[in-house]
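In what follows, a structure is listed as structure tokens, so that the remarks can point back to it.
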Amino acid sequence: MLPNITAYLKQRLAAHYDGGELDGVVRALCEDMLGLSRVQALMTPADMLGDEARRRLDIAVHRLADGEPVQYVTGTAVFMGIRLAVTPDTLIPRPETSGLVDLVCRWAGDGPRTAIDLCTGSGCVAIALALAHRDWDITAMDVSAGAVAVARANAEACQVAVRCEVADLMSAEYPEGGFDIVTCNPPYVLQSERAAMDDRVLLYEPPGALFVTDEDPLVFYRTAAAKARRWLKRGGMICFEINRAFACEVSQLLKSSGYGNVVAEKDYVGNYRFVKGEA
């Protein structure tokens, strides 16, 4: 007789994950593939799995053993308690990005706002803002049609009215003074940082959403800052997620672009991860 489902999966994956990471992967498989709570997975013998469930788990275990991120295997990632679909067209939302949402919400206060999320990916930032502020008018855009399709499906699943549009930041145009808030989490990992990165990121996540050249690491920030000067209402805010190595440079970029009250803020582990300015 096989052990419970949790123990069965841990046995099969123990060679590929350590401690807490193994717990998280097994929990994701049980919840997102089998629809079982933690208690149900502990109480249910693996023998009781049907043939189809066993087949799906076998495929998942092999994909995980090859190094594929569990979020792509299950097709689901959790961001700020929100369950979102993810595919290889989108980055997997990182926990530190929640700080971008928190910063915007603190600045904005109560009342209706208009906002646009540039380089939206899975739509995690736009959707989190929309769930926190049902009276906001929010647009989300990305150059990747695949990512926008995922963001649109996520917005529909979360029952928020976020407009999701395919647009290239380098050529996009929006109405002057059309927004109170611009958020942007663009590609910011240097090509030279590849050597220190996990293969699960390098081999599976979309490189176009990750990397910039070492020669021009601020290209997306410079473009977004210039365009947002036109798009923002007077007194509106732009807020970036950044490479922790460039807090000073992005702050100076905003100041030289005419923004005031420029502030760099740290993420939950103490790295400078966000820069905001006011138009």
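Going by UniProt numbering, the first residue of the sequence shown is number 1, and it counts up by one from there.
No residue lacks a Cβ here, since even glycine has one placed at the ideal position from N, Cα and C.
Cβ contact annotation for THR76 (same chain, cutoff 8 Å, sequence separation greater than five): ALA28, ASP32, ARG83, LEU84, ALA85, VAL86, in chain order. If the five residues before and after ARG63 are omitted, its C-beta is found closer than 7 Å to the C-beta atoms of VAL73, all from its own chain and listed in chain order. DSSP places ARG194 outside any alpha helix (DSSP H), giving it a letter other than H or E.
By the CB criterion at 8 Å, VAL219 and VAL250 fall outside the cutoff. The beta strand (DSSP E) runs of length 3 or more contained entirely in the stretch 161 to 225 are, from start to end of the chain, 162 to 166, 179 to 184. Your pair ALA245 and ASP180 does not check out as a contact, with CB atoms roughly 30 Å apart and the cut at 8 Å. In terms of CA proximity to GLN191, PRO207 leads the group ARG200, ASP199, PRO207, THR183. In the three-state scheme derived from DSSP, where H, G and I count as helix and E and B as strand, GLY24 is classed as helix.
Nearest neighbour of VAL269 by Cα position, chosen from LEU169, PRO93, GLY99, VAL26, turns out to be GLY99.
In the DSSP assignment, TYR72 falls within the unbroken alpha helix (DSSP H) covering 70 to 74. Boundaries around ILE116 are those of the beta strand (DSSP E), 114 to 118, since no alpha helix (DSSP H) includes it.
Residues of the same chain with a CB within less than 7 Å of the CB of ASP214, apart from the 5 flanking positions on each side, are LEU190, GLN191, SER192 in chain order. Straight-line spacing of the CA atoms in VAL104 and THR223 works out to 20 Å. Counting C-beta atoms within 10 angstroms of its own C-beta, ILE59 has fewer than 16 neighbours from the protein chains shown and is therefore classed as exposed. In the assembly as shown, ALA140 is a buried residue. Its beta-carbon has 16 or more other beta-carbons within 10 Å.
Between the stretch 44 to 58 and the stretch 87 to 95, the count of Cβ pairs shorter than 8 Å is below three; the stretches do not touch. The beta carbon of LEU253 lies closer than 8 Å to those of LEU218, TYR221, ARG222, ALA225 in the same chain, with the five residues before and after it left out.
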